[in-house]
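In my numbering, the protein residues as written are 599 to 1282.
Below is one structure, written out as structure tokens, with a few remarks after it.
Okay, structure coming up:
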């Protein structure tokens, strides 16, 4: 039996790194070793030829896995590049092998040159298997001497490589990725193909044709798609069932093929041996038509034999008439002289191969004589039984592995899905789902999205809770701020109601209290409106070039001309920003220093790293460290400022928000005495 191997092409996507897939080298080595052992001795490894189909499984799996990876990486399958890589890998070795072997054949000559032109055609077109079939060659014949017959397996593989990558690329282009279920069904059909061909008497085609070995390649493709992370099925049970069915069917095909090969080889040898043994006996029978010496002639035949005259029922030899098929003894159904009859049957519990040859001498009046021999097939039956036992063990192990793999795949698939379900429930309950990882890209993307959504939701909920707290606090603080001037104004309301009876001094007090309360309410309303505009994103910024020293001086004069504030700013220093908002920031900082600090109060300006830095410093009691983080919060007034009724805790908050609107930042600096606020703004 002739079996050839070719290393399958490894389609390496450009930039994809190593194309090696762990474990496949070992499988390929085992399949090659099985075939080599079969060629050494079919007795040692009667099923070793199955390594061909194992190799085809590896080939289909490898090429599909690499093509799917290339599509996932690059978004397409580069078919021209694939075939160029295949040609570079295969053609140099093939050309060298054919050239060297062909030259050697020309030197040797003889039978090795038989069919050489047709073989060259088959090799050149990767159709050697079909060339052999078209020539009517019996693959199982023991006398086959085709020099390049072993290229048949390479031809099958290359025919698959010619069609499958294009079909796979077409599937991806049309948006219909291959499915494990459909490929599993195709694998079952492919497994059935050799059965159908064998049952139809096409034994050579079952082994030589592409369709006879397509099942191995399709099983490899199915495994690649099934195990692909990107295309893994959500429910592995159908795929596992198909895999089990494919394993059982494949085992049946291999056992059936092996059985046929074992028996066919032995029967061919028996027929050759029988013809050689009966040639001399036939001549002796013709020379002794009386049959006196037939018993001696029967003993000359191999194994148990008999010489029978169907017309008279006469029989000589150690094979009884009951052991010979009745149809063979029927005088009316005798075949032409020289025709062979053979039958595989059972005699005495042993499997045998009966061979019969009709002998007839037209020159004599002797009736037709049938020479029957029985050859034992027990060694072959034992060999087949050993093969069946091995197939059952291997098939059972394969089913066990498949079932275990199905369980592991199911667990691998369902665990991430259960985690996704738990994450979704946690998200629905307002909790942040924990981060999780999976071997599946799609599951990871969903888990990441759920985790990020939960994180954003938690942040949003925290922000909403903070805003609700701030809103409640705002209402409380505004009510408190309104209560102070309103209480004062209510107290003088009676004086105003009795204005005519009030003294001049009482009238003056009433007017002063009312005026101060109205101003305080007006400032509060303006500040609240400003904060609301900033919060709503409705605040506008109108940048324009302005002199920093001039703005600082004008702000000091406008705020309190009677107070002494030291302005330290270089002449000619300018900045492009919103003048009104910069004025508001500086005014609030100066107001805070003048009302809550102590002289001397200093406002300075300088440039640093492309920014304007404005500092306002006083030498008052300063701000305690435990309040430093809250000083810019709204309506926050420190204990040291509570004696000042002009403080409502909004000035620094407004200053900070305006600084951020201008693209800068307002911070409280650490100092040993007093307080120092630093404003940083971009110069342009």
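Think of the CB as a built atom: it goes at the ideal place given N, C-alpha and C, for glycine as much as any other residue.
* Helix, strand or coil: which one does DSSP assign to residue 1233? -> Within the chain shown, residue 1233 is the residue found at index 635, counting from 1. Here residue 1233 carries a coil assignment [DSSP, helix/strand/coil].
* **Coil, strand or helix - residue 1162 by DSSP** => Here the question's residue 1162 lines up with position 564 in the chain shown. In this structure, residue 1162 counts as coil in the three-state DSSP scheme.
* **Which listed residue (1016, 692, 688) has its alpha carbon closest to that of residue 759** => Stepping through the chain shown from its first residue, residue 759 is reached at position 161. Checking every option, the nearest Cα to that of residue 759 belongs to 688.
* DSSP three-state assignment for residue 929, whether helix, strand or coil -> To locate residue 929, count along the chain shown from 1; it is residue 331. Correct three-state label for residue 929: helix.
* Asked: Under 9 Å between the Cβ atoms of residue 915 and residue 654?
  -> Position 317 of the chain shown holds residue 915. Position 56 of the chain shown holds residue 654. No, they are not a contact pair.
* Range of the contiguous alpha helix (DSSP H) that encloses residue 1143 -> Taking the first residue of the chain shown as 1, we reach residue 1143 at position 545. First-last for residue 1143: 1142-1145, but that is the beta strand (DSSP E), not the alpha helix (DSSP H).
* Runs of beta strand (DSSP E) lying entirely within the stretch 1161-1227, each at least 3 residues, in chain order -> 1163-1166, 1172-1175, 1199-1206, 1209-1216
* At what residues does the alpha helix (DSSP H) containing residue 729 begin and finish? -> Locating residue 729 in the chain shown gives position 131, counting from the first residue. Per DSSP, residue 729 belongs to the alpha helix (DSSP H) from 726-732.
* **According to DSSP, residues forming a beta bridge with residue 766** => If you number the chain shown from 1, residue 766 lands on position 168. Paired residues: none, contrary to the question.
* With a 10 Å radius around its C-beta and 16 neighbouring C-beta atoms as the bar for buried, classify residue 663 as buried or exposed. => Residue numbering aside, residue 663 sits at position 65 when the chain shown is read from its first letter. By the 10 Å Cβ count, residue 663 comes out buried.
* Count the C-beta pairs between the stretch 1262-1275 and the stretch 1142-1152 that are closer than 8 Å, then say yes if the count reaches three, no if not. => no
* **Own chain residues within Cβ distance below 6 Å of residue 809, not counting five before or after** => Stepping through the chain shown from its first residue, residue 809 is reached at position 211. Cβ neighbours of residue 809 beyond the five flanking positions: 791.
* **Per-residue DSSP class, three states only, for residue 918** => Within the chain shown, numbered from 1, the residue matching residue 918 stands at position 320. Here residue 918 sits in coil by DSSP.
* Asked: Do you know how far the Cα of residue 1048 is from the Cα of residue 1015?
  -> Here the question's residue 1015 lines up with position 417 in the chain shown. Here the question's residue 1048 lines up with position 450 in the chain shown. Taking the straight line joining both Cα atoms gives about 12 Å.
* Asked: Quick one, are the C-beta atoms of residue 1063 and residue 1030 less than 9 Å apart?
  -> The sequence position of residue 1063 within the chain shown is 465, counting from 1. The sequence position of residue 1030 within the chain shown is 432, counting from 1. No. Outside cutoff.
* Since residue 667 is in the alpha helix (DSSP H), which residue starts that stretch and which ends it? -> Walking along the chain shown from the start, residue 667 turns up at place 69. Residues 649-672.
* Asked: If you run the structure through DSSP and keep just helix, strand and coil, what is residue 627?
  -> Here residue 627 corresponds to residue number 29 of the chain shown, with the count starting at 1. Note: residue 627 maps to helix in three-state DSSP.
* Asked: In its own chain, which residues sit with a C-beta less than 8 Å from the C-beta of residue 944, not counting the 5 before and 5 after it?
  -> Residue 944 sits at position 346 when you count from the first residue of the chain shown. Excluding sequence neighbours, residue 944 sits near 950.
* Asked: What are the residues that DSSP puts in a beta bridge with residue 954?
  -> The residue given as residue 954 occupies position 356 in the chain shown. Paired residue(s): 939, 970.
* **residue 675 (DSSP reduced to helix, strand or coil)** => Within the chain shown, the letter at position 77 stands for residue 675. Looking at residue 675 - three-state DSSP - the assignment turns out to be coil, as it is neither helix nor strand.
* Asked: Whole-angstrom Cβ separation of residue 935 and residue 910, contact assumed at under 8 Å?
  -> Position 337 of the chain shown, counting from 1, holds the residue named residue 935. Position 312 of the chain shown, counting from 1, holds the residue named residue 910. Their Cβ separation, rounded to whole angstroms, is 17 Å, which puts residue 935 and residue 910 out of contact at 8 Å.
* If you scan the stretch 698-723 from start to end, which runs of the alpha helix (DSSP H) of 4 or more residues do you find wholly inside it? -> 714-722
* Where residue 1126 and residue 1023 are concerned, what is the direct C-alpha to C-alpha distance, given to the nearest angstrom? -> Along the chain shown, read from residue 1 onward, the residue named residue 1126 stands at position 528. Along the chain shown, read from residue 1 onward, the residue named residue 1023 stands at position 425. Rounded to whole angstroms, residue 1126 to residue 1023 spans 41 Å at the Cα level.
* Should residue 756 go down as buried or exposed, given a rule of 16 or more other Cβ atoms within 10 Å for buried? -> Looking up residue 756 in the chain shown gives position 158. Per the 10 Å Cβ criterion, buried.
* Provide the residue span of the alpha helix (DSSP H) that contains residue 772, from first to last. => One-based indexing of the chain shown puts residue 772 at position 174. Here residue 772 belongs to no alpha helix (DSSP H), and DSSP marks it neither H nor E.
* Of the residues 1210, 718, 674, 1183, which one's Cα is nearest the Cα of residue 770? -> Here residue 770 corresponds to residue number 172 of the chain shown, with the count starting at 1. Answer by Cα proximity: 674.
* Could you tell me the distance, in whole angstroms, from the CA atom of residue 970 to the CA atom of residue 995? => Locating residue 970 in the chain shown gives position 372, counting from the first residue. Locating residue 995 in the chain shown gives position 397, counting from the first residue. The straight-line gap from Cα to Cα measures roughly 45 Å.
* What residue does the beta strand (DSSP E) around residue 746 start on, and which one ends it? -> Stepping through the chain shown from its first residue, residue 746 is reached at position 148. First-last for residue 746: undefined, no H or E at that position.
* To do: Could you say which of 986, 700, 1203 lies nearest to residue 1173 if we only look at CA atoms?
  => As a working mapping, residue 1173 is identified with position 575 in the chain shown. Ranking 986, 700, 1203 by Cα distance to residue 1173 puts 1203 first.
* Going by alpha carbons, who is nearest to residue 732 out of 745, 716, 722? -> Numbered from its first residue, the chain shown carries residue 732 at position 134. Of the listed residues, the one whose Cα sits closest to residue 732 is 716.
* With C-beta atoms as the reference, is residue 1277 less than 9 Å away from residue 1210? -> Numbered from its first residue, the chain shown carries residue 1277 at position 679. Numbered from its first residue, the chain shown carries residue 1210 at position 612. Closer than 9 Å, so yes.
* Asked: Is it buried or exposed for residue 1153, if we count other Cβ within 10 angstroms and need 16 for buried?
  -> Start at 1 with the first residue of the chain shown, and residue 1153 comes out as number 555. By the neighbour-count definition (other C-beta atoms within 10 Å, threshold 16), residue 1153 is a buried residue.
* Between the C-alpha atoms of residue 1135 and residue 821, what's the straight-line distance to the nearest angstrom? -> Residue 1135 sits at position 537 when you count from the first residue of the chain shown. Residue 821 sits at position 223 when you count from the first residue of the chain shown. The alpha-carbon atoms of residue 1135 and residue 821 are separated by roughly 58 Å.
* **N- and C-terminal bounds of the beta strand (DSSP E) containing residue 909** => Stepping through the chain shown from its first residue, residue 909 is reached at position 311. From DSSP, residue 909 is part of no beta strand (DSSP E); its letter is neither H nor E.
* To do: Would you mind giving the Cβ-Cβ distance between residue 998 and residue 876, rounded to the nearest angstrom? I have them listed as a contact below 8 Å.
  => The residue given as residue 998 occupies position 400 in the chain shown. The residue given as residue 876 occupies position 278 in the chain shown. Incorrect: roughly 51 Å between the Cβ atoms, too far for contact.
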